[in-house]
Structures are given as structure tokens and as C-alpha cells.
Amino acid sequence: MPKNNAEDPVRLDKWLWAARFYKTRSIAREMIDGGKVDYNGVKAKPSRTVEVGALVKVLQGNIRIEVEVLKISDVRGPATVARTLYQETEESIVKREKQLEQLKINALLAPHPDEKPNKKDRRTLISMKYGQ
783 MPKNNAEDPV RLDKWLWAAR FYKTRSIARE MIDGGKVDYN GVKAKPSRTV
833 EVGALVKVLQ GNIRIEVEVL KISDVRGPAT VARTLYQETE ESIVKREKQL
883 EQLKINALLA PHPDEKPNKK DRRTLISMKY GQ
């Protein structure tokens with residue numbers, strides 16, 4: 783039977799999965815082990831018990847967000863329910879918007895060819911790159 787009460791301990795990897803930050807618990811565990819998740823400013827272990835009011839920094843793609851834990855659950859439900867488990871901090875929202883804006887600017891400045899290179903163009907690019 784799934785634990786859903788506030789007094790029942792829930793592991794960090796299970797909470798991240800239930801809050802829909804990561805698609806599977808194994809991915810959540812890999813991200814925690816890889817140092818991509820901080821719990822109250824400290825690198826965490828997957829077995830860390832989650833508490834209400836804790837600050838969790840999570841890396842999603844290229845963007846790091848900081849959320850405050852509002853509820854504890856180990857049941858993965860709909861996204862609307864999962865969104866009630868946490869609240870993103872104001873400074874995290876500002877940083878995230880700046881990062882997204884910077885990514886859009888970088889995408890506009892990156893050169894994009896009008897069409898896909900053909901075989902001859904690819905050979906020319908390879909010879910320029912590797913000096914053959």
C-alpha cells in the first residue's frame with residue numbers, strides 16, 4: 783500500500799519521481815548520484831528522507847530549478863497533483879527565464895544552413911575539419 787501521509791518517510795528519489803521531475807525512479811537515482819540534485823544546499827543521497835519546507839535544486843535538461851517541498855508523496859499521479867507537491871522559488875523563476883532567453887538568443891546567433899549538405903558538401907566539411 784503506498785504511503786501518502788505526511789508523517790511517513792519518503793525517499794528523495796521516490797519523491798522526485800512522484801513530483802514528475804524525472805520519468806523513472808532509476809533516472810532520479812542517477813541524477814542524485816551524479817550530483818545533479820541538491821537537498822537544502824548539500825549533495826544528497828537517493829535514500830535521503832524528504833521533509834516539508836526543504837529546498838531542492840534539480841537539474842532538468844540544461845536548466846537548474848529550485849523548489850520548496852510543500853507536500854510529501856510517493857505516489858505518482860497526474861501532473862496537476864504532482865504540481866501541488868512543490869513550489870518553485872521566485873529567484874529560481876527569474877534565473878530560469880533568463881536562461882531560456884539566453885538559449886533563444888544563442889539559437890538565433892548560431893549559423894543554420896538553408897538546406898541539408900549533400901554528399902560532396904559533407905566530404906568538403908570533413909576534409910576541412912580533419913585536414914585530409
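The opening position of the sequence shown corresponds to residue 783 in our numbering, with each subsequent residue numbered one higher.
The C-beta atom is built at its ideal place from N, Cα and C for all residues, glycine as well.
Inter-residue Cα distance where the pair is residue i and residue j
i: Pro899; j: Ser909; result: 14 Å
i: Asn796; j: Tyr821; result: For the sequence presented, residue 796 should be read as Lys rather than Asn. For Lys796 and Tyr821, the distance between alpha carbons rounds to 14 Å.
i: Leu882; j: Asp896; result: 25 Å
i: Leu907; j: His894; result: 15 Å
Contact belief for residue i with residue j at Cβ below 8 Å, rounded distance in angstroms
i: Glu850; j: Thr831; result: Actually they do not touch by this definition, with Cβ atoms about 16 Å apart.
Status (buried if at least 16 other CB within 10 Å, exposed otherwise) for residue i
i: Arg865; result: exposed
i: Tyr912; result: exposed
i: Val838; result: buried
Reference residue i; option with closest CA among the options
i: Glu833; options: Leu852, Val876 and Ala800; result: Leu852
i: Ala836; options: Gln842, Pro828, Ile845 and Ile854; result: Ile854
i: Val863; options: Asp790, Val792 and Ala801; result: Ala801
i: Trp875; options: Asn844, Glu848 and Asp790; result: Before going on, a small fix: residue 875 reads as Ile here, not Trp. Ranking the options by Cα distance to Ile875, first place goes to Glu848.
i: Arg846; options: Lys877, Ala889, Ile809 and Gly913; result: Lys877
i: Leu725; options: Gly823, Gln842, Pro860 and Lys827; result: Limits of the chain in this structure are 783 at one end and 914 at the other, which puts residue 725 out of reach.
i: Leu841; options: Arg904, Asp903 and Leu798; result: Leu798
i: Gln869; options: Val792, Pro791, Asp790 and Phe803; result: Phe803
Problem - Whole beta strand (DSSP E) elements within the segment 795-872, 3-residue minimum - result: Counting whole runs of 3 or more residues, the segment 795-872 contains the beta strand (DSSP E) stretches 819-821, 837-842, 845-851 and 868-870.
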